[in-house]
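See structure below.
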Amino acid sequence: MTRIKDKLIKFFFFLNGFFVIVILGGIFLLLLRNALPSFEEIRLTEFLFSSKWNPTSYYKETYGIVAMLVSTFMVTLGALVIAIPLGVGTAGYLSDVASPRVREIAKPVVEILAGIPSVVIGFLGIVFLGPIIAKTTGQYNGLNAINGSILLAVMALPTIVSLSEDALGSVPKSFQEASLALGASHWQTLIKVKIPAASSGILASCMLGMGRAIGETMTVLMATGNAPAMPHSFLDSVRTMTATVAIELGEVPYYSTHFYSLFAIGLVLFIITFIINLISDVVLHNYEKKVRY
Amino acid sequence: MKKLLVLIMCLGIMLLGSSSSHAQMLQIKGSDTLINMVQRLSEVYMEKNAGKYIAVTGGGSGTGIAALINGKCDIANASRGMKSKEIDNAKGNGISPKRVVIAMDGISVITNQENYVTQLTMDELGKIFRGEVTNWKEVGGDDMPINLYGRQSNSGTFVFFMEAVLKGDYSPKMNRMNGNSQIVEAVKSDPSGIGYVGVGYAKEATGINVVKVAARPGATYASPLNAADVKSGAYPIARPLNQYVNGSPKGAVREFLEFELSAEGQQIVDELGFFPIPNEYEEYNSKLGL
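Going down the list, the protein sequences come from chains E and G.
Throughout, the numbering used here is defined as the position within the first sequence, counted from one, plus 1307.
Throughout, the numbering used here is defined as the position within the second sequence, counted from one, plus 450.
Printed below as a string of structure tokens:
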């Protein structure tokens, strides 16, 4: 009886795992199937190397994603530059410096930050952050890449803090005790022993944060101005790939070239996220080989 | 036992709540320009007709028309006409779009109240929004770069303005905002800003100037706030605000359309800042029997 129950439970878990892989594969195939027809009309070189995206043009439709790619990477990089030091620092504070009572309050608060809907954050970007940015940079308008970067940093922060703090917490206590016993201060222990030991988890948290920032749609749609021109500085209005798809998918006639081209953008996003995850996996694997006792 | 009780109570509440959806709900989707006006019209209509339910959502004229073509709504609000490609798509899906004009709009070009440029010709407007003129000093203002605020490609206002004023592509530097309100707010806080909105959004707004437009250099500058100018065509960027339905309107759809075109409906149109239908469109509507 228990043999059968055992086998059934094993099969149940196998089905679950298999199902998840099927969903991922299915999404990829759907994207591929709906993206490929666009290349019957659009030249791949134009798609990948032109910076003019104008499928509803008065004259000739153009489908170049370079300006969008640059915009997405600008806001993502900007967000990471802000969120990684802040996030890892906060994680270090929570794991090593804060008293247990502070930690009890601060950790749930950071997690609530993760639950704030992206529309609300976008709204704050327009109404609150935009005017501040406009005043401090002397611009007339605060809807630009910096605005998007700050908002995305706020959204990626809880992920980075949470996972980095968990990573720091799972460093064996013996590391910390050995370091202190050898005469290092708490500060030196944190920076030179604990963080390097937890670096795989910290790197994973940064990658997840980056994935969140790249895929974020509503916030950037509201707060970055959505100008399709190639951005020349962080103070320019930008339009990310996600915002482009969100804006245009609602009104595009089904099964037209424009429709398929939006799926092509989705495919590019999917591939980028996939590559990021692959790289972080490889880096983690190599690092673990080095650090493994 | 307690858990079972709670579960039964939850189910009971859900069933109670769902009974109201027995009634047929009219789905109206589309233009951001029309949304406030149509929402007000449907609120008043529902107050007067118990048991009728109307749901009005936005998304832009393009989104509304796409929804009509895919059979996902009963009425599409559109601040532009349907393109021939869209009509072909609809017919291919077995939908026969019929247009009803429910109001008139004068697309208002707005600038910040501190900007003393308050009149422009159509030609200058076209150059500004195409990105050929990039500084206010080129049209008689201060030495300030021009910041453009417009809609996105799913907007009927975007398309209409492009075809009527630009006759070309928008500048790629133009900020694509999510709706009329956002454009008003942006121009309010940006001394160098210029944008275009439906007249209903410009009439009561503070902190902005409504630009007077001349059809040709030398013609008189007309304002969209002046009903006579809009009706006579002296204001060059006037347009009918449409609703598209599938086939000849019948039943609940027809009753709502008749309400919108009645004296009371047109009074609401006026209250929301738009203009009632001129005679030529009344005649057009009557061909559908409305």
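The C-beta atom is built at its ideal place from N, Cα and C for all residues, glycine as well.
- Here M1548 (chain E) has M1375, T1379, I1572 and L1576 as same chain residues with Cβ atoms under 6 angstroms from its own Cβ, once five neighbours each way along the sequence are excluded.
- M624, N625, R626, M627, N628, Q632, E635, A636, S639, D640, P641 and S642: these are the residues of the segment 624–642 of chain G whose beta carbon lies less than 9 angstroms from some beta carbon of chain E, given in chain order.
- Rounded to whole angstroms, the gap between the alpha carbons of G590 (chain G) and V567 (chain G) is 7 angstroms.
- Two segments are said to touch when three or more pairs of C-beta atoms, one from each, lie closer than 8 angstroms; by this definition the segment 704–715 of chain G does not touch the segment 632–648 of chain G.
- Annotation: the continuous beta strand (DSSP E) that includes K548 (chain G) extends over P547 to G556.
- Under a 10 Å Cβ-count criterion, M627 (chain G) is classified as buried, with 16 or more other Cβ atoms of the shown protein chains found around its own Cβ.
- Taken in chain order, the members of the segment 510–527 of chain G whose beta-carbon sits within less than 9 angstroms of a beta-carbon on chain E are G510, S511, G512, T513, G514, I515, A516, A517, I519 and N520.
- Interface annotation for the segment 1369–1380 of chain E against chain G: A1374, criterion Cβ-Cβ distance under 9 angstroms.
- Y599, Q602, S603, N604, S605, F608, V609, M612, E613, L616, K617, G618 and D619: these are the residues of the segment 599–619 of chain G whose beta carbon lies less than 9 angstroms from some beta carbon of chain E, given in chain order.
- Those residues of the segment 1385–1419 of chain E placed with their C-beta closer than 8 angstroms to a C-beta in chain G do not exist.
- Here DSSP, grouped into helix, strand and coil, assigns R530 (chain G) to coil.
- Nearest to F611 (chain G) by C-alpha distance, out of G:G509, G:E588 and G:I557, is G:I557.
- Residue burial is scored here from C-beta neighbours: I1586 (chain E) has fewer than 16 other C-beta atoms within 10 angstroms and is therefore classed as exposed.
- According to the DSSP assignment, V695 (chain G) belongs to the beta strand (DSSP E) that extends over A688 to N696.
- One thing to note: D555 (chain G) has its Cβ no nearer than 9 angstroms to the Cβ of F706 (chain G).
- Y646 (chain G): member of the beta strand (DSSP E) spanning G643 to V647, first to last residue.
- Look at K662 (chain G) here: in three-state DSSP terms it is strand.
- Residue range N597 to G600 is occupied by the beta strand (DSSP E) that includes N597 (chain G).
- Per DSSP, the continuous beta strand (DSSP E) segment holding I478 (chain G) begins and ends at M475 to G480.
- Going by DSSP, V1461 (chain E) is part of the alpha helix (DSSP H) stretching over A1452 to G1476.
- A direct Cα-Cα distance of roughly 20 angstroms separates T670 (chain G) from I578 (chain G).
- K535 (chain G) belongs to the set of residues whose beta carbon lies under 9 angstroms from a beta carbon in chain E.
- Sequence-distant Cβ neighbours of G600 (chain G) in its own chain, meaning closer than 8 angstroms and more than five residues away, are F579, F608, F611, Y620, M624, N625, R626, M627, I633, G645 and Y646.
- Within chain G, not a single residue places a beta-carbon under 8 angstroms from that of A1485 (chain E); the smallest gap is close to 51 angstroms.
- The Cβ atoms of I525 (chain G) and Q477 (chain G) sit closer than 9 angstroms to each other.
- Beyond the five residues adjoining it in sequence on each side, G657 (chain G) comes within less than 7 angstroms, by CB distance, of Q563 and K638 in the same chain, given in chain order.
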